[in-house]
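With this note's numbering applied, the sequence shown covers 10 to 407.
Backbone N, C-alpha and C define an ideal beta-carbon position, used for all residues, glycine too.
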Amino acid sequence: MSAPLLLRRGRGATRLIGSARAATGALSGVRSIVDMSYSEHFMDFGRSSIPSVMRKLVVNKLSPDFREAVTAQTVAVPTPGDADLLVRNRFVGVNASDINHSAGRYDPSAKPPFDAGFEGVGEVVGLGLGASARYTVGDAVAYFGSGAFAEYTVVPAKESVPVAAARPELLALLVSGATAYIALKRLGDLAAGETVLVTAAAGGTGQFAVQFAKRAGCHVIGTCSSDEKAGFLKSIGCDRPINYAAEDLAATLRREYPRGVDVVYESVGGGVLQTALNSLANKGRLIVIGFISGYQTASGIPAFSGATLPAKLLQRSASIRGFFLPHFVGDYREALGAMMQMVAAGKLVCEVDRGDSSRGGRFVGLDSVFRAVDHMYAGKNLGKVVVELVPPPVGNKL
């Protein structure tokens, strides 16, 4: 980083103001290229010290076992470049894809070590001169990018989203909400009066698929694993929650929806995907946004009997469509903006699971990311799984 210059002293970060001024004074008539007026942009918000070191989670071994693949490390707090922000993370989001990332499935060329975590929200505590056109110290921002499982993260300013406050609910929108919004808009072709089946409907992304399908005027079916989750689904507009722990999913769909379902938002895979395929109506669309039931296996893909797939699609003029969020980056800003407006108007529920009902209690601190991943893969989460990294400042109510 060229200017301004930083010097870490003890637990703080201070400018090399004195030495620069001395050098300037020694050269009569020569003006320093260091912008002295900019020093406040490099002071930690609230005048507390930026530590010289921090902790982060790093993938050191490729494995679908998150605990085996990932370790916590102590490293130097990074310095933002000219167009970057240094964000002190307040909350980070846990995704099913964290395991695919640690297994090296998204980028086969990536070799450990590399950073873990996809999304965070926090405060700007430092920034480059170029980034100051849009941000200043103390601004709250959310971001979707690599390296979120850390106490501090450097984020390009252009990839950051300004928010009113660093609230955990916002994390539900960055990946989970955006996936549901864009997938249903671009691939679902929803029409009022159609029937939509959402699997894992009470999870991080399923909750949004339910709400967006209802906004489109559809009849919504949602699968879940408990009566508590079924109650939550009813509260956000799901017409027919199906607790598959108490009801046979395939039999229920055949009995109550004999003509089939028009659209399926599917994230489980395996037997659930097979049931969903068999339940498609004529001209039905099945959107595959994931297959979490297989992520913890060596291959990452659950067993699926596809020998009759061509015939089933042909007989019903149906289709299967895959969705991977990075392929739709052009739709991301519009989706996030629309969802932010819905939240502000009280028209979108962003349920988060902070681990209050888990055995170890609320997910607080970087080490609790491991418990949070286990919690999600045990199917115990209701809503988006979120981990708190630092306690809120005094007087800031969340």
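{"Asked": "Please determine if the region 319-338 and the region 156-176 are in contact, where contact requires at least 3 C-beta pairs separated by less than 8 Å.", "Found": "no"}
{"Asked": "Please report how far the alpha carbon of Asn291 lies from the alpha carbon of Ser314, in whole angstroms.", "Found": "21 Å"}
{"Asked": "When you compare only the Cα positions, how much space is there between Pro89 and Thr83?", "Found": "18 Å"}
{"Asked": "Could you give the uninterrupted runs of the beta strand (DSSP E) lying entirely in the region 47-119, keeping only those of 3 residues or more?", "Found": "62-68, 79-85, 93-103"}
{"Asked": "By the 10 Å Cβ neighbour count, where 16 or more other Cβ atoms means buried, how is Leu357 classified, buried or exposed?", "Found": "buried"}
{"Asked": "Any idea if His50 is buried or exposed, counting beta-carbon neighbours within 10 angstroms, 16 or more meaning buried?", "Found": "With a pLDDT of only 45 at His50, under 50, the local geometry of the prediction cannot be trusted, and the value read off the model is given with reservation. The residue in question, His50, is buried, as its Cβ has 16 or more Cβ neighbours within 10 Å."}
{"Asked": "For Lys389, I'd like the list of residues in its chain whose CB is within less than 6 Å of its CB, leaving aside the five on either flank, ordered along the chain.", "Found": "none"}
{"Asked": "Please report the residue range of the alpha helix (DSSP H) in which Ala259 lies.", "Found": "258-265"}
{"Asked": "If I'm right that Val205 touches Cys227 with Cβ under 8 Å, what's the distance once you round it to whole angstroms?", "Found": "5 Å"}
{"Asked": "Under the assumption that Ala218 contacts Leu193 (Cβ atoms under 8 Å), give the Cβ distance between them as a whole number of angstroms.", "Found": "6 Å"}
{"Asked": "Verify whether the separation of the beta carbon atoms of Leu196 and Ala151 is less than 7 Å.", "Found": "no"}
{"Asked": "Mapping DSSP to helix, strand and coil, what is Thr188?", "Found": "helix"}
{"Asked": "Return yes when the Cβ of Leu262 is within less than 7 Å of the Cβ of Ala211, no when it is not.", "Found": "no"}
{"Asked": "Give me the Cβ distance between Ala344 and Leu289, rounded to the nearest whole Å; I'm assuming they're in contact under 8 Å.", "Found": "About 26 Å; that fails the 8 Å criterion."}
{"Asked": "Can you give the Cα-Cα distance for Glu275 and Met349, rounded to whole angstroms?", "Found": "24 Å"}
{"Asked": "Can you say whether Ala173 is buried or exposed, counting buried as having 16 or more other CB atoms within 10 angstroms of its CB?", "Found": "exposed"}
{"Asked": "Report yes or no: do the region 383-397 and the region 96-111 share at least 3 C-beta pairs separated by less than 8 Å?", "Found": "yes"}
{"Asked": "Output needed for Phe75: all residues of its chain with C-beta closer than 6 Å, excluding positions within five of it in sequence on either side, in chain order.", "Found": "Ile108, Ser111, Val382"}
{"Asked": "Quick check: what's the CA-CA separation for Lys1 versus Phe158?", "Found": "The question about residue 1 has no answer here: the residues shown for the chain are numbered 10 through 407."}
{"Asked": "Considering only residues of the region 126-180, which uninterrupted beta strand (DSSP E) runs meet the minimum length of 3 residues and lie entirely inside it, listed in chain order?", "Found": "128-136, 149-153, 161-165, 169-172"}
{"Asked": "Short check: CB of Ile301 to CB of Val277, under 7 Å?", "Found": "yes"}
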